[in-house]
Structures are given as structure tokens and as C-alpha cells.
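Only one structure is covered here, and it is reproduced in the block below.
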Amino acid sequence: MIDIQPLAILREIHRTGSLTQAAEQLCLTQSAVSHAIRRFEERHSVKLLEREGHKLRFTLAGTYLLDLAQRVLPQLEHGAGVLEDYARGRRGSIRIGMECHPCQDWLMQVVDPFLSAWPDVELDVTTAFQFGGLTALLGTRSIFS
């Protein structure tokens, strides 16, 4: 399994162009960043970065992981935000079941202002028109007989 920290480090090195600046942005020491990269390289038997004078160059493996980080990390960051919304009660689901078609029209008029105010709440309305009210009213058995 690939750990998230090296992905974040590679993305920051690419963004800032420097190991030192990447460490600052991640609130780590330069030594901690270097050790994290070295541990990853040893664990996976690949080289991620090469020095060219004072510049760092991504190897093929490093470029692959950078591309992966740029796809995966935003999704994980978004996921963390969604979880925080759930924890703070700003996101959730409302599930409603009904058998009345006119009720659905009425419900949507009532719920629309709520959904405008709470855009991250998911509304799931399930309709199952099984009762057949008109058929029951016009059925062969009469309540008057």
C-alpha cells in the first residue's frame, strides 16, 4: 500500500521546487521530509528524485507518483471535507417514501427552500403507487351494500 505522506511531499516538492520549502509548507523539518522520501524509496526499491546540482529532478517512478498524487490527494482532501460536514451536521440524507402522486408535487414545493438552504443534504424520495386508491373506490365491493 502506498502511504499518503510521500504523495503529499512529492506534490509539494513539485509545487515549490524545493525540499526545504516543501517541508515548510507541510509543517515538517527538511530532515523529516528527506527521511520519508528515503524510507519510501527503500520500501519500494525505487528512486523518486535525483539531484542535478541544487535542483531536484523527478525520476520516472517519481513522475508516476507525482501524477498519482495530483489525482488522488484532491479526492482524499474532498473526502475529508465531506466527513467533516457529516460530523458537524452540515451534510446528510433525507429518505421519504410515499404512495400519493399529488403528495410528491406538494412535497417538492415544501422541500425546495430547504434544499436551497442545505445544498449538501441528499434527498431520496421513493414512490411506490401500490394502493390504487381509485381502484379501491371503484372496486366491486361497495361499503354501502
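Just so we're on the same page, the numbering used here is the position in the sequence shown counted from 1, plus 36. All C-beta atoms in this analysis are idealised placements derived from N, C-alpha and C, irrespective of residue type, glycine included.
Own chain residues within Cβ distance below 7 angstroms of residue i, not counting five before or after
i   : result
R47 : L102, A105, Q106 and L109
K83 : E77, T95 and A97
E86 : R93 and T95
T52 : A58 and Q61
T65 : A59
Sheet register partners of residue i (DSSP bridge)
i    : result
V157 : G128
R87  : L92
T163 : M134
Chain-order list of residues whose beta-carbon lies under 6 angstroms from that of residue i (same chain, five-residue window excluded)
i    : result
F150 : none
T56  : Q66
Outcome for residue i when other beta-carbon atoms lying within 10 angstroms are tallied against a minimum of 16
i    : result
A153 : exposed
I73  : buried
V69  : buried
P42  : buried
I49  : buried
Cutoff 8 angstroms; reference residue i; Cβ partners in own chain excluding five residues on either side
i    : result
A44  : L62, A105 and L109
V182 : An answer regarding residue 182 cannot be provided, because it is not within the stretch 37 to 181 covered by the chain.
D160 : S129, I130, R131 and I132
R124 : none
D39  : F76
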